[in-house]
Amino acid sequence: MQRGSRWDQYYMPAGSDPEHRAASLGGSPGPCPAVQSSAANTALNGSRTGAEQPLAPGRRMQCKDGQLSMELNRLLLFTAFLLHIKLSRMSPARLVCDSRLIQTYINEAKDMEKRMSQCQELPSLPQPLPLPMVDFSLREWKTKTHETKRQEILWDLESLVDAALAAQAQVRQECAAALLGQLYKKANSFLLLLPTFSWQISTRQPDHASRTVLQSHPSRIFLVYRQLVQGKLHFLFHDLAKDYCREGSQGGTRAPRSPMSPAASRGQ
């Protein structure tokens, strides 16, 4: 499963061509120059003509491609910088320390799952999608480092984002397509938020090949997303609160219920 195409969407706004995006930053890639100065001709051809000569077609194409590549690189760097500034102002510690915020996300996940069940009956997807298996052992969870937990959740979120995007392209019902779009955006918001925590990125990536299951119905994507937010993500924020939050933080840091409890499995 390729990741690069989706991450490119985070840094390159959809709906505009490269020239328009570069111009919006105060620059313009501009057309490739059709002529070359006599000084440049001397350097390239070893002769001075005193008059400007047109570029060869191949050279003109190389020039245009090079300019476009430079402008896109500048755009990516500038956008990444703006994203870093914007996310740093979101104060991830607030989400960790105020348990009411994560509870809001849990309620939203439950609401999306409920509304999806109320959509007109959907046929199975033509092509089954791999979804992450987000169940976990609380005893094993407690033995993992924060970084290992974060990497695991990021992988789960990436898989859900891919699945939501693929399912949205396959469904024809407006109700389901709109809800899949909402889930895609909310999962992406967590994908952008989690990397803002200042942990050392682990060099060893866990093997997730055996942690996926093929599903053919779009409603399963909402079930897995709700379980992930209500389970791993909720427990991660509770664990981080012990390190990030001071005593008496707004909203408190009450421990979440075990994901193995009957209430949690029913989504209550």
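Each residue of the sequence shown is one higher than the one before, starting from 1 at the first, in the UniProt record's numbering.
Even for Gly, the Cβ is constructed at its ideal location relative to N, Cα and C.
Predicted, not measured: the structure shown is a model, and the values here were computed from it.
- Non-local C-beta neighbours of methionine 133 in its own chain, meaning closer than 7 Å and more than five positions away in sequence, comprise Arg211, Thr212 and Val213, ordered along the chain.
- Excluding its 5 nearest sequence neighbours in each direction, glutamine 215 has C-beta neighbours in its own chain below 7 Å: Pro128, Leu129 and Leu131, listed in chain order.
- A buried status is given to asparagine 188, since no fewer than 16 other beta-carbon atoms sit within 10 Å of its beta-carbon.
- Annotation: the continuous alpha helix (DSSP H) that includes glutamine 168 extends over 146-170.
- When DSSP reads this structure, proline 130 sits in a beta bridge with Leu214.
- Put simply, the segment 165-184 does not touch the segment 227-241. Fewer than three CB pairs are less than 8 Å apart.
- For glutamine 120, the closest of His238, Arg100, Val171 and Asp156 by C-alpha to C-alpha distance is Val171.
- If you compare the alpha carbons of Val224, Phe136, Ser219 and His234 with that of methionine 116, the shortest gap goes to Ser219.
- Rounded to whole angstroms, the separation of the alpha carbons of leucine 154 and alanine 167 is 20 Å.
- Per DSSP, reduced to three states, the secondary structure at aspartate 239 is helical.
- In the structure shown, glutamate 121 adopts coil according to DSSP, grouped into three states.
- For the 8 Å CB-CB criterion, histidine 217 and serine 124 form a contact.
- Comparing C-alpha distances from leucine 157 to each of Ile221, Lys242 and Lys142 shows the shortest one belongs to Ile221.
- Under the three-state reduction of DSSP output, glutamine 173 falls in the coil class, being neither helix nor strand.
- Here leucine 194 is near arginine 150, since their CB atoms are less than 8 Å apart.
- Going by C-alpha positions, valine 224 is about 23 Å away from leucine 240.
- Serine 137 carries a coil assignment under DSSP once its states are collapsed to helix, strand and coil.
- Threonine 143 sits in coil when the DSSP states are folded into three classes, being neither helix nor strand.
- In this structure, leucine 95 sits away from isoleucine 106, with a CB-CB distance that is not shorter than 8 Å.
- In this structure glutamate 174 is exposed. Its beta-carbon is surrounded by fewer than 16 other beta-carbon atoms within 10 angstroms.
- Arginine 226 and serine 159 have their C-alpha atoms some 14 Å from each other.
- Rounded to the nearest whole angstrom, the CA to CA distance from lysine 114 to alanine 169 is 21 Å.
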